Structures are given as C-alpha cells and as structure tokens.
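For the record, the sequence lines run as chains A and B. If you're matching positions, the first sequence starts at 1 in the working numbering and goes up one per residue. If you're matching positions, the second sequence starts at 1 in the working numbering and goes up one per residue. In this text, a Cβ means the ideal position worked out from N, Cα and C, and glycines have one as well. Please read all numbers here as calculations on a predicted model, not as lab measurements. These notes concern the structure reproduced below.
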Amino acid sequence: MTAATPLLKVERLSKSFGTHQVLRNIDLAIEAGEVMCIVGPSGSGKSTLLRCLNYLETPDSGAVFLAGEPVGVRWRGATLYEMSFNELAVQRQRMGMVFQSFNLFPHKTALENVIEAPIVVKRKKKAEAITEAEALLEKVGLADRAHYYPRQLSGGQQQRVAIARSLAMQPALMLFDEPTSALDPELVGEVLAVMRALAEDGMTMVVVTHEMSFARDVADHLVFMDQGVIVEEGHPRDVLRHPRHSRTKAFLARVI
Amino acid sequence: MGQSSPSSRPDIHATRPVPVRHPARWIGGAALFLFVFLFVRLLVTNENLQWPVVAHYMLSPEILKGLGRTLLLTFLAMIFGLAIGVVLAVMRLSSNPVFRAASWLWIWFFRGVPPLVQLVFWYNLALLIPTVSIGIPFGPQFWEASTNQLITPFSAAILGLALTESAYASEMIRAGIQAISVGQTEAAATLGMTRAQILRRIVLPQALRILIPPIGNDTISMLKFTSLVSVLALPDLLYSAQMIYSRTYQTIPLLIVATIWYLILSTVLTFAEHYIEHRLNGRPLALSAVLSSLFKSKFWSLRRHEARS
Ligand SMILES: Nc1ncnc2c1ncn2[C@@H]1O[C@H](COP(=O)(O)OP(=O)(O)OP(=O)(O)O)[C@@H](O)[C@H]1O
Ligand SMILES: [Mg+2]
Numbered sequence: 001m002t003a004a005t006p007l008l009k010v011e012r013l014s015k016s017f018g019t020h021q022v023l024r025n026i027d028l029a030i031e032a033g034e035v036m037c038i039v040g041p042s043g044s045g046k047s048t049l050l051r052c053l054n055y056l057e058t059p060d061s062g063a064v065f066l067a068g069e070p071v072g073v074r075w076r077g078a079t080l081y082e083m084s085f086n087e088l089a090v091q092r093q094r095m096g097m098v099f100q101s102f103n104l105f106p107h108k109t110a111l112e113n114v115i116e117a118p119i120v121v122k123r124k125k126k127a128e129a130i131t132e133a134e135a136l137l138e139k140v141g142l143a144d145r146a147h148y149y150p151r152q153l154s155g156g157q158q159q160r161v162a163i164a165r166s167l168a169m170q171p172a173l174m175l176f177d178e179p180t181s182a183l184d185p186e187l188v189g190e191v192l193a194v195m196r197a198l199a200e201d202g203m204t205m206v207v208v209t210h211e212m213s214f215a216r217d218v219a220d221h222l223v224f225m226d227q228g229v230i231v232e233e234g235h236p237r238d239v240l241r242h243p244r245h246s247r248t249k250a251f252l253a254r255v256i
Numbered sequence: 001m002g003q004s005s006p007s008s009r010p011d012i013h014a015t016r017p018v019p020v021r022h023p024a025r026w027i028g029g030a031a032l033f034l035f036v037f038l039f040v041r042l043l044v045t046n047e048n049l050q051w052p053v054v055a056h057y058m059l060s061p062e063i064l065k066g067l068g069r070t071l072l073l074t075f076l077a078m079i080f081g082l083a084i085g086v087v088l089a090v091m092r093l094s095s096n097p098v099f100r101a102a103s104w105l106w107i108w109f110f111r112g113v114p115p116l117v118q119l120v121f122w123y124n125l126a127l128l129i130p131t132v133s134i135g136i137p138f139g140p141q142f143w144e145a146s147t148n149q150l151i152t153p154f155s156a157a158i159l160g161l162a163l164t165e166s167a168y169a170s171e172m173i174r175a176g177i178q179a180i181s182v183g184q185t186e187a188a189a190t191l192g193m194t195r196a197q198i199l200r201r202i203v204l205p206q207a208l209r210i211l212i213p214p215i216g217n218d219t220i221s222m223l224k225f226t227s228l229v230s231v232l233a234l235p236d237l238l239y240s241a242q243m244i245y246s247r248t249y250q251t252i253p254l255l256i257v258a259t260i261w262y263l264i265l266s267t268v269l270t271f272a273e274h275y276i277e278h279r280l281n282g283r284p285l286a287l288s289a290v291l292s293s294l295f296k297s298k299f300w301s302l303r304r305h306e307a308r309s
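Here it is in structure tokens:
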C-alpha cells in the first residue's frame, strides 16, 4: 500500500432492490484516521451504502477496496472470483460495525460479548482477552457493568458495550449506522462522547447519523446523500454553512 | 356499616377496597373436589384393582429392569434424535440446495412412516439386506457383519424411535433457529466469525433456550412411545408388566403398576424441564421458585412484572 492509497475506497457502486435503485454510481474515499459522516433523508440509501462496505449487502456493480485490496472478491490470474462467506469473514475482521439496534448477544454478559470474537476468531488466550476487554469496557465507561447481561443495561450502555465489542477485534475502520437513533435523548450524549474520544484517538470512522452537531464538530468529511446519489460532500464547515445544492439546503433547514 | 350516606363514608385514602369476589371459583372448586373424591373412592374401594398385588409388583426386579430399559430407550432415542435433528435443521436452512433437498426428503419420510411400522421394518432388515459392510463401493471391503448380528430388538427400537424423533426435532429446531433475529447473525459476521462459529456460539445457544419446553414435551412423548417396542418382544416397562400378567392373569393391577411408573417418570421429567428452563434463563433456582412456576399463569396479569427482561 502506497501513501496515496486511501484506507477505504468505493468506486462506481450501485445497488438495486428489485426495480428500485437504491445506490447509483457512488464514489468515495476515506483516508486513514479520517472521520466521515454521512447524512441524508430517510430512505436515501445510507444504511445500504454502509452495509455494502463490509458486504452485508452484495453490490450489483462497482467495487470497494480496503487498503487497496478488493472487498468480497479476489483475483486469480485474470479471473475475478466471488469470496465465500468464510473468506469474507477475514476481511470483515478489519471493519467493525455498530448497529442502530445494538445487537448485543443476549445470552452473554457485557464482558463475554467483548471477549467472544477475540477468543473464537483470533484464538486469543482467555486471560489475555479478559484483560483487554476490561480495558475496553473501562474506556467506554462501563468497567463496573462487566458482568451485567444486556437486558440489565440501558440502551446507551448497551451501545457502548457494542462499541467495545467491535474495538476488541482491533479493526482498521469502524462503521456506525445511526448508533444513537434508538436511544432516549438523555442517553445520546454518553454514546457520542465515546465516539468523539475514539475519533481523537485517530480511529478511522464512517458514521451515518442524524446528529448534526456531532457531524459539525467531529467529522473531517461530510457526505450528503439523497435518492441514492451523493449530492454534496466536503468539509462539514463548508457543507453546513454554505450548501450549494437546493436539496442540501432543504434538508439542513429541516434538521438544524 | 351498611347503607351510608356519602358524608359518613370513611376517607378513601384511609381504606382499602374489598378485593373482587370470585364465587365461580368456589363453586367450580367444590365440583372439582367432589369428582376427585368420587374417583379416589372408586380406586380405593374397587376390589378388582387389587392394591396389594400392585404394591407387591411395584418394586419387583422384573418391573424395575423394564423401567430401566424404558428410561435407556427414551434417553438414547432423544439424544440421537436431537443430534440428527440439529444437523437436519442446519441443512434445511443451508444455502446449499442439495442439503436442503436431502433434509426435506428425510423429514418427509420419517415423519410420514408410522413408528410402529419402522420398528418392525428395522427389526426385519436382514430380510432386505443380509450383510452390512464398510469398504469402497464396488471395491475392497474392510469390515463385514451379518445384519442379523447387528440388529437386535434393542438396536431396531433405537433406530425406529430416534429416526422418527429426528424428523420432528429438526422442524422444531429449525423454528427455534429462525426465531433468532438476523441482527445477531449480522453482528457476529461483522466481528469476522465464520458460519460454523456463528451457528455454534451465537445462534444455537440462543435457540436452545427457546427450545427447552418443546424438547421436554418431546421427551415425555418419547417416554410413552417407547411402549411400542413390545412388538419386538423387548422387555421395557409395559412389556415386562404384560409378561407378568400373562402368567398370573392379574391384568389390571399390573397395568396400574405400569401406569403409576409412567406417571412418576413424566412428573420427574416435567420438573427437570422446568429446572433447566430456570437455569438457562438465569432465574432463581430455589425449589419453591421452580415449583411455583409450574402452576403460574401470567396471561391475565396486565402489569409488567419486570421492567426489562
Ligand atoms: N432488503 C431490502 N429489500 C428491499 N428494499 C430495501 C431493502 N433494504 C433497503 N431497502 C430500500 O432501500 C431504500 C434505502 O434504504 P436504506 O435503509 O439504505 O435508507 P437509509 O438512508 O438508511 O434510511 P434511514 O435514514 O431511514 O435509515 C429504502 O427505500 C428501503 O425501503
Ligand atoms: Mg438507515
């Protein structure tokens, strides 16, 4: 990988569900250490785009590159092959994902949620995994909740455990799909604080969000999507203060 | 107090309302009690039941041996049935069409053929396939045995019961797996887990919790299904009782001995199921808590008992 290669690159990505084209020729590039926020009206394809990045959805055409390597497909000679689920699993280890609905494993405690993948996937020793998990739970402010089950935690706490669980795999990149949308307003702040700290640590992040203040303060790059296309992108200062497109202006007028 | 004018009423904050009366419960309870009383009186006073004979055979070695065999059959048939059922359910949900078709055919066949027919059929397998061998098809054989040696009444019984159970179990396990939300699989996939890891570590443990009550139910069914093996002259609980009364002509008392044992076993299994359910759900394990849950119904209690769970 040369210095010019972005950590994540999306080229001419398109995706349809039936006759409904959800993504049209999306191009994006994310440098290592950068925070990208994606905003846009409901149904504009933000989640679909995020899910194409780690191949939870298979794009119809176009390509995603992680550190220059195509995601979900591999070259053998001059032939391009689809990856199997288990080959894809290796690439997915490098992209953490945080969901709107947390998706913690309900039969495991907070600590067990965090140590699961390091032990099962990376074959770490249990003691080592526990030490690391405790440090991560400390980092998200939940050291004292390690032995609680998800149902015993508030939404904000569950989401912070979910972030710690992803970080435990030491991913190169973190994807967030509206991580605070399912939370009561007073719990949003604690999750955003963890994400801010993560950004300050230099984590590369792609965040789909409706929290415009987070986008304004933390993002290095803001993308506005509507109807499956990127309408406008740039530094959040420019996009938020001087939107060029009427669609961006209309959207911002509604959410700010 | 009787009729009192509004002014003479006590302060509403100082009194408790009289709880709703349930006269129908008392009338129903009395009727139920009467029926139970008449039934028990019939049992006690009817000479034909010959209680001393029942008592004599309850713990006789022949009956106890049969009881052991019934338990062993139930246990082995359930273990094999569930193990095959898990494999079939996973195959049925697989993306591989060959697996899906094979699993469908298996379920179709073993759910469709009556277990009694299967028992007799497996027992007579030697008529169809005289020898069984392991080796390369059309090539050298490494091991060979005559089917008659392999198929005893016991192995025929296990085959018939376990294969029938596998078909039912797989449909139930499939429903349990499908009840686990896609979010769980996606979260595990984004952590880099393989399909086998997701299934083993995330999906099946959660499905098992849902499946404990139906598995308990199937086990109790199986306990009674094992009585079919009397067609193979395999001395389980029922056949042992039958062998005794064919000698002594004490038919009713011996059937009662078997009935009492079946009831005792199904009671024990019911408790065991509740205990395991409590354990897996992390609820209190005190005997009183497990016992009280046996009769509890929350259907009409509109309050949410716990805020989150
Ligand atoms: N699995 C699917 N099958 C069919 N249509 C889908 C599927 N997933 C998404 N869509 C459709 O694709 C469009 C974009 O969905 P997507 O979830 O990406 O939007 P979004 O921008 O994330 O919206 P929101 O802000 O509401 O989360 C929507 O019209 C949606 O109905
Ligand atoms: Mg979305």
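Interface annotation for the stretch 185 to 198 of chain B against chain A: Glu186, Ala187, Ala189, Thr190, Leu191, Gly192, Met193, Thr194, Arg195, Gln197, criterion Cβ-Cβ distance under 7 Å. The straight-line gap separating the alpha-carbon atoms of Glu138/A and Gly45/A is approximately 35 Å. Within the stretch 10 to 84 of chain A, the complete alpha helix (DSSP H) segments at least 4 residues long are 46 to 53, listed from N- to C-terminus.
Leu56/A and Ile107/B have their C-alpha atoms some 32 Å from each other. Val98/B has its CB no nearer than 7 Å to any heavy atom of ligand 2.
For Gly43/A, the Cβ falls inside the 7 Å cut-off from some heavy atom of ligand 1. Checking the 7 Å criterion, the Cβ of Thr209/A is out of range of every heavy atom belonging to ligand 1. Annotation: Ile129/B is outside any alpha helix (DSSP H) and is labelled neither H nor E by DSSP. Contacts with chain A (Cβ-Cβ distance below 7 Å) from the stretch 5 to 32 of chain B involve no residue at all.
By the beta-carbon neighbour count (other beta carbons within 10 angstroms, threshold 16), Lys126/A is exposed. Contacts between Val35/A and chain B, judged by CB atoms closer than 8 Å, are missing: the closest CB pair is about 19 Å apart.
Residues of chain A with a Cβ closer than 9 Å to the Cβ of Arg41/B do not exist, since the nearest Cβ in that chain sits about 51 Å away.
What Pro70/A touches in chain B, judged by beta-carbon distance under 9 Å, is nothing: the nearest beta carbon there is about 17 Å away. For Val229/A, the pairing in a beta bridge is given by DSSP as Asp226/A. When the beta-carbon positions are compared, Leu238/B and Ser230/B come within less than 8 Å of each other. Just measuring C-alpha positions, the residue of Asp236/B, Ile276/B, Glu273/B sitting nearest Ala258/B is Asp236/B. Here Leu8/A carries a strand assignment [DSSP, helix/strand/coil]. Interface residue (Cβ-Cβ distance to chain A less than 8 Å): Gly176/B is not classified as such.
The beta carbons of Gly85/B and Ser155/B sit no closer together than 8 Å.
As DSSP reads the structure, Met95/A sits in a beta bridge with Leu173/A. Taking 8 Å as the CB threshold, Arg216/A stays off the interface with chain B. Excluding five sequence positions before and after Ala146/A, the CB atoms of its chain that fall closer than 6 Å to its own CB belong to Ala110, Leu111, Leu137, given in chain order. Here the C-alpha atom of His274/B lies approximately 37 Å from the C-alpha atom of Glu128/A. Straight across, the Cα-Cα distance linking Glu200/A with Arg237/A is about 18 Å. Residue side-chain check: Glu178/A places its Cβ nearer than 7 Å to a non-hydrogen atom of ligand 2. Taking the Cα positions, Leu175/A is about 18 Å away from Asn113/A. A distance below 8 Å separates the beta carbons of Pro118/A and Glu132/A. Contact check for Asn103/A against Ala32/A fails: the beta carbons are separated by 8 Å or more. Straight across, the Cα-Cα distance linking Thr185/B with Leu291/B is about 35 Å. Only those residues of the stretch 201 to 216 of chain B whose C-beta falls short of 8 Å from the nearest C-beta of chain A are listed: Arg201, Ile202, Pro205, Gln206, Arg209. A direct Cα-Cα distance of roughly 26 Å separates Ala24/B from Thr15/B.
Around the beta carbon of Tyr249/B, fewer than 16 other beta carbons sit within 10 angstroms, so the residue counts as exposed. DSSP, reduced to helix, strand and coil, places Gly234/A within a strand of the structure shown. Annotation: Cβ neighbours of Arg92/A in chain B (cutoff 9 Å, chain order): Ala189, Thr190, Leu191, Gly192, Met193.
When Cβ-Cβ separations below 8 Å define contact, Gly81/B makes no contact with chain A.
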